[in-house]
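FYI, in the working numbering the residues of the sequence shown are 59 to 171.
As structure tokens, the structure follows; a few thoughts come after it.
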Amino acid sequence: MLQVAFPGRTVDVTTRVDDEATLATLENELPYTIGGLQEGDLFVFYYAGHGFYGEGGNRLTAYDSNAVNLEGTTWLLSLEASAAVSRHVRGRMCAQTGPPEKVARDSRSNGLT
Numbered sequence: 059m060l061q062v063a064f065p066g067r068t069v070d071v072t073t074r075v076d077d078e079a080t081l082a083t084l085e086n087e088l089p090y091t092i093g094g095l096q097e098g099d100l101f102v103f104y105y106a107g108h109g110f111y112g113e114g115g116n117r118l119t120a121y122d123s124n125a126v127n128l129e130g131t132t133w134l135l136s137l138e139a140s141a142a143v144s145r146h147v148r149g150r151m152c153a154q155t156g157p158p159e160k161v162a163r164d165s166r167s168n169g170l171t
């Protein structure tokens, strides 16, 4: 699909499904990937999972999230972290589809756009 949308560009797609989509993957691979972006790169983060507004802000669940310990097993998308990712991506002159917390926001969110 991305090859059709961006003909002539190299498309590198990383997919994490089920037991590959763990909290460690979200916390480690995503920042590493973002840190490796170069000028002219296009970064798209598509998350098809559950998110909610909980302790500390917007959170994304992972394959290994546990309802008994949501704070310790979900990915917190803090304002500071989201702003840092946004600044980094824009600083590298990369397109961004929007901060990941848009996927997880609900009517009780802190109004991020």
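Don't be surprised by glycine CBs; every beta carbon is placed ideally from N, CA and C.
Short Cβ contact (7 Å threshold) for residue i with residue j
| i | j | result |
| --- | --- | --- |
| THR91 | HIS108 | no |
| GLY112 | LEU128 | yes |
| ASP76 | TYR105 | no |
| LEU84 | TRP133 | yes |
Nearest to residue i (by Cα), restricted to the options the options
| i | options | result |
| --- | --- | --- |
| ASP99 | ASP70, TYR121 and ASN116 | ASP70 |
| MET59 | VAL102, GLN96 and GLY115 | VAL102 |
| THR131 | LEU81, GLY94, GLY114 and TYR105 | LEU81 |
| GLY114 | LEU135, ALA63, ASP76 and GLY94 | LEU135 |
| SER123 | GLY93, VAL62, ALA79 and ASN86 | ALA79 |
Assigned exposure category for residue i - 16 Cβ within 10 Å defines buried
| i | result |
| --- | --- |
| ARG117 | buried |
| ALA63 | exposed |
Residue-level contact to chain D via CB, residue i, 7 Å cutoff
| i | result |
| --- | --- |
| ASN127 | Although the question refers to chain D, the structure presented lacks it and comprises just one protein chain. |
Taking the runs of the alpha helix (DSSP H) that are 4 residues or longer, which of them lie wholly in the segment 80-142?
Fully enclosed alpha helix (DSSP H) runs of 4 or longer: 81-93 and 128-131.
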